[in-house]
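FYI, the numbering for the sequence shown is 34 to 133, going by the numbering used here.
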Amino acid sequence: MATQAGVEVPSEVLDYLQLHHIITIATASFTGMPHAATIAYVSDSSGVYFSMRPEELTVRNIDANHFASFTIDDYTPDFRKVRELRGVGRVSAVTDPGQW
């Protein structure tokens with residue numbers, strides 16, 4: 034298990050994050066207008082990271098409202114076998130090149 038922001042993250046979750054590379058991020062503007070974007074990501078034991086251009090709506094929403102939710106799933110035609118990881122948290126820009 035790893036600890037992120039004081040929360041114990043099970044190793045199964047970290048493994049799932051490592052095996053997948055597409056995430057849907059849901060954000061909201063400062064007025065509450067929802068928006069979702071599906072993008073590529075990378076992860077390690079300290080977080081989930083994605084790159085977007087500053088002018089994108091997702092980035093503008095994060096600048097206005099630092100909270101977001103996400104889903105990562107395994108698609109299968111048999112809906113009974115679909116697996117998904119969902120979460121919510123605070124999003125912030127990585128500005129230190131040493132963290133890239």
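C-beta: ideal position from N, C-alpha, C; glycine also. Just so you know, these numbers come straight off a predicted model, no measurement behind them.
Here's the rule I'm using: 16 or more other beta-carbon atoms within 10 Å means buried, otherwise exposed. How should residue i be labelled?
i	result
Ala101	buried
Phe103	buried
Leu50	buried
So residue i and residue j are in contact, right, with Cβ under 8 Å, and what is the actual spacing, rounded?
i	j	result
Thr60	Asn98	7 Å
Phe83	Ala69	Incorrect: roughly 13 Å between the Cβ atoms, too far for contact.
Met85	Val92	5 Å
Ile95	Val121	Contact doesn't hold; Cβ gap of about 13 Å is too wide.
Restricting to Cα atoms, I'd like to know which of the options is closest to residue i.
i	options	result
Thr71	Thr64, His54, Asp77	His54
Asp48	Ser79, Thr64, Pro67	Ser79
Arg119	Ala126, Asp107, Pro67, Glu89	Asp107
Gln132	Ser62, Gly65, Asp77	Asp77
Compare the C-beta of residue i with all C-beta atoms of chain D and state if any pair is closer than 8 Å.
i	result
Asp106	The structure shown has no chain D; it contains just one protein chain.
Taking 7 Å as the line, does the beta carbon of residue i fall inside it for any heavy atom of the ligand SAH?
i	result
Arg116	Of the ligands one can find in the structure shown there are none, so the ligand SAH has no counterpart to examine.
DSSP state of residue i, grouped into three classes?
i	result
Thr36	With a pLDDT of 47 at Thr36, under the threshold of 50, the predicted position of this residue should be treated as unreliable, though the coordinate-derived value follows. Residue state, collapsed to three classes: strand.
Gln132	helix
Val42	strand
Minimum length 3: unbroken beta strand (DSSP E) runs contained in the region 47–120: 55–61, 67–73, 75–77, 80–82, 100–107
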